[in-house]
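Undergrad:
Numbering (my numbering), first residue to last: 13 to 124.
(1) Do the region 108 to 123 and the region 62 to 74 make contact, defined as three or more Cβ pairs closer than 8 Å?
(2) Check residue 49 in the structure and name its three-state DSSP category.
(3) Look at residue 117 and residue 21 and say whether their C-beta atoms are less than 7 Å apart.
(4) Grab the span of the alpha helix (DSSP H) containing residue 64 for me, first residue to last.
(5) What does a CB cutoff of less than 8 Å around residue 121 pick up in its chain, not counting 5 residues either side in sequence?
(6) Look up residue 43 in the DSSP assignment and say whether it is helix, strand or coil.
(7) Would you mind listing the alpha helix (DSSP H) stretches within the region 57 to 112 that are 4+ residues and don't spill past its ends, in chain order?
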């Protein structure tokens with residue numbers, strides 16, 4: 013069982029095959045877009061839905077940073093990041109969010 017999106021994004025099919033070969037299940041769930049459980053929601057609640065696309069801000073850190081910069085265009089970027097950190101939303105090292113890696117992993121997960 014994992015709640016980490018990265019293995020799902022990188023190796024879902026391999027992990028599912030490995031689990032099948034070992035007669036066990038590979039269970040996974042994780043949240044995206046402020047807490048929406050993405051995997052089971054799509055698989056169990058919307059099994060016949062065909063997703064043709066999606067758009068939006070995929071993580072809270074980005075959302076807070078953009079919101080602060082919109083509210084105060086003179087606010088330095090680092091100060092907006094600090095606001096997100098002070099709120100407990102951004103991690104001490106927010107580079108995965110800021111550099112887009114977190115959003116990229118979520119896009120792959122959503123696309124699967």
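Glycine included, C-beta positions come from ideal geometry on N, C-alpha and C. Keep in mind the model is a prediction, meaning the values are calculated, not measured.
TA: Reading it off the structure:
(1) A contact exists between the region 108 to 123 and the region 62 to 74.
(2) As a working mapping, residue 49 is identified with position 37 in the chain shown. In the three-state DSSP reduction, residue 49 falls in the strand class (E or B).
(3) Taking the chain shown and counting its residues from 1, the one referred to as residue 117 is at position 105. Taking the chain shown and counting its residues from 1, the one referred to as residue 21 is at position 9. Taking 7 Å as the Cβ cut-off, residue 117 and residue 21 qualify as a contacting pair.
(4) As a first step, residue 64 must be located in the chain shown, where it is residue number 52. Premise fails: residue 64 is in no alpha helix (DSSP H) and is neither H nor E.
(5) One-based indexing of the chain shown puts residue 121 at position 109. So the qualifying residues of the chain are 17, 20, 21, 42, 44, 50 and 51.
(6) Taking the first residue of the chain shown as position 1, residue 43 is located at position 31. In the three-state reduction of the DSSP assignment, residue 43 falls in the strand class.
(7) Counting only runs of 4+ residues, the alpha helix (DSSP H) found wholly inside the region 57 to 112 occupies 72 to 83, 89 to 98 and 107 to 110, in chain order.
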